[in-house]
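I have placed the structure first, in the form of structure tokens, so that the comments after it can refer back to it.
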């Protein structure tokens, strides 16, 4: 019987410190790995008011080194670029280092300062250079990383994000509300303002349909103002950030979930909604093309096109037969491709492959 590997996950989001897909995924992966491995989490110090480009206190590196000394892990698994400063604490560590990229350091101009982008880029490059394995959450993400950095082919892996079990248990294909939702961090990258514009048209075409936005972020107030200006306040729900169980509940009561992202490396919200049996309308971009197969388990629309979003959603609301077929296929697709147990097993395979290749 193989001894359970000991893993340290280094992440800026976990448990009660979650703002988006990164924390949601790491939290779910950790829970799945506890069944077969011995994982712990090193949660990085992050405060919204502190610029990420500022030096991190030395005591965080010292705490990391103490964890390595006490826990003696087989693998240190970094998630995204935030933990690059901790490479300084690996001088005496001889185990495996794994890096998973959830959001590549591509300058997108969505309100980000160039200096902050350069800091992210340098940090990501350092982690990729140091790591024994570089894992991307989609083929699209891997192509971006390969274009940005020199990565040895043997180090490259792709593992699609898994969806937490709670989403698979929340599906009800009947008694859904006449409700259309969008969910995610409320930042420009997610394109939520385009969803709101689409809802203006949908409110005219479908007078009884309600809408909702789930999530928090810097655009919350501007989005609320946009909704008010369009005279749609009485048609919108705005519950803010919710946990996975609550999100699964909202998805399971909605007929359609819109993922209007401008840029998306994977598209965890789309996969979660599919697991709940919701019909997904998503932007035809990035990793979303690998999650949603147009006309088979959801619909893809032109990026940034509010009219196209509205027309796709309207089709699903008007054609109950189309909705039923896509709803059924979406849940089957999620079970076949995004079970967290399968995702955890793929990570385990990579861990063991790299560990077995280390010099004895």
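Residue numbers (my numbering): 34 to 393.
From the three backbone atoms N, C-alpha and C, an ideal C-beta is built for every residue, glycine too.
Where does the unbroken beta strand (DSSP E) through residue i begin, and where does it stop?
i           : result
residue 72  : 71-76
residue 344 : It is not in any beta strand (DSSP E) - residue 344 instead sits in the alpha helix (DSSP H) that spans 339-351.
residue 216 : 212-216
residue 382 : Counting along the chain, residue 382 falls outside any beta strand (DSSP E), though it belongs to the alpha helix (DSSP H) covering 373-390.
residue 313 : 312-316
residue 132 : 129-134
residue 166 : 166-169
residue 121 : Taken as a continuous stretch (DSSP letters only), residue 121 belongs to no beta strand (DSSP E), as it is neither H nor E.
residue 273 : 269-273
residue 110 : 108-112
Secondary structure at residue i, three-state DSSP: helix, strand or coil?
i           : result
residue 278 : helix
residue 245 : strand
residue 260 : helix
residue 231 : helix
residue 331 : strand
residue 53  : coil
residue 185 : coil
residue 299 : coil
residue 45  : coil
residue 82  : The predicted model places residue 82 with a pLDDT of 35, which falls under 50 and marks its position as unreliable, so this point remains unresolved.
residue 59  : helix
residue 67  : coil
residue 291 : strand
residue 358 : helix
Return the Cβ separation of residue i and residue j in integer angstroms, given the expectation that the two are a contact with Cβ distance under 8 Å.
i           : j           : result
residue 225 : residue 298 : That pair is no contact at about 17 Å.
residue 300 : residue 320 : 5 Å
residue 387 : residue 336 : Contact doesn't hold; Cβ gap of about 36 Å is too wide.
residue 241 : residue 213 : Not really, about 12 Å apart at Cβ, beyond 8 Å.
residue 77  : residue 45  : 5 Å
residue 343 : residue 234 : 4 Å
residue 128 : residue 103 : That belief does not hold up - the Cβ atoms of residue 128 and residue 103 are roughly 14 Å apart, past 8 Å.
residue 200 : residue 164 : So it is not a contact: roughly 30 Å between Cβ atoms.
residue 231 : residue 306 : Not quite, the Cβ-Cβ distance comes to about 16 Å (not below 8 Å), so this is no contact.
residue 324 : residue 345 : With a Cβ gap of about 16 Å, residue 324 and residue 345 do not count as contacting.
residue 362 : residue 389 : Actually they do not touch by this definition, with Cβ atoms about 39 Å apart.
residue 246 : residue 221 : Their Cβ separation, rounded to whole angstroms, is 14 Å, which puts residue 246 and residue 221 out of contact at 8 Å.
residue 43  : residue 119 : 6 Å
residue 196 : residue 47  : At roughly 17 Å, the Cβ-Cβ gap does not stay under 8 Å, so residue 196 and residue 47 are not in contact.
Is it buried or exposed for residue i, if we count other Cβ within 10 angstroms and need 16 for buried?
i           : result
residue 223 : buried
residue 156 : buried
residue 356 : buried
residue 116 : buried
residue 273 : exposed
residue 227 : buried
residue 290 : buried
residue 112 : buried
residue 170 : buried
residue 73  : exposed
residue 49  : exposed
residue 238 : exposed
residue 364 : buried
residue 84  : Reliability of the predicted coordinates at residue 84 is poor, the pLDDT of 42 falling under 50, and the value obtained from them is presented with this limitation in mind. Counting Cβ neighbours within 10 Å, residue 84 comes out exposed, since fewer than 16 surround it.
residue 314 : buried
residue 288 : buried
residue 391 : exposed
residue 185 : exposed
residue 354 : exposed
residue 267 : exposed
residue 60  : buried
residue 251 : exposed
residue 153 : buried
residue 122 : buried
residue 264 : exposed
In the DSSP assignment, find the unbroken alpha helix (DSSP H) run with residue i in it and report its ends.
i           : result
residue 326 : Here residue 326 belongs to no alpha helix (DSSP H), and DSSP marks it neither H nor E.
residue 199 : 198-201
Against chain C, does residue i count as a neighbour if the rule is that its beta carbon must be under 7 Å from one of theirs?
i           : result
residue 315 : Reference to chain C is not applicable here, since this structure consists of a single protein chain.
Check whether the segment 377-384 and the segment 188-196 touch, using three or more Cβ-Cβ pairs below 8 Å as the test. yes
Within the chosen definition, does the segment 60-70 reach the segment 91-98 through at least 3 CB pairs nearer than 8 Å? At 8 Å Cβ cutoff, the stretches do not touch.
Would the segment 347-361 count as touching the segment 156-170 if we require 3 or more Cβ pairs under 8 Å? No, the segment 347-361 is not in contact with the segment 156-170.
Inspect the CB distances between the segment 309-318 and the segment 174-187 and report whether three or more fall short of 8 Å. no
Any contact of the segment 51-63 with the segment 128-138, i.e. 3+ C-beta pairs under 8 Å? At 8 Å Cβ cutoff, the stretches touch.
Would you check if there are 3 or more beta carbon pairs closer than 8 Å linking the segment 250-258 to the segment 366-381? no
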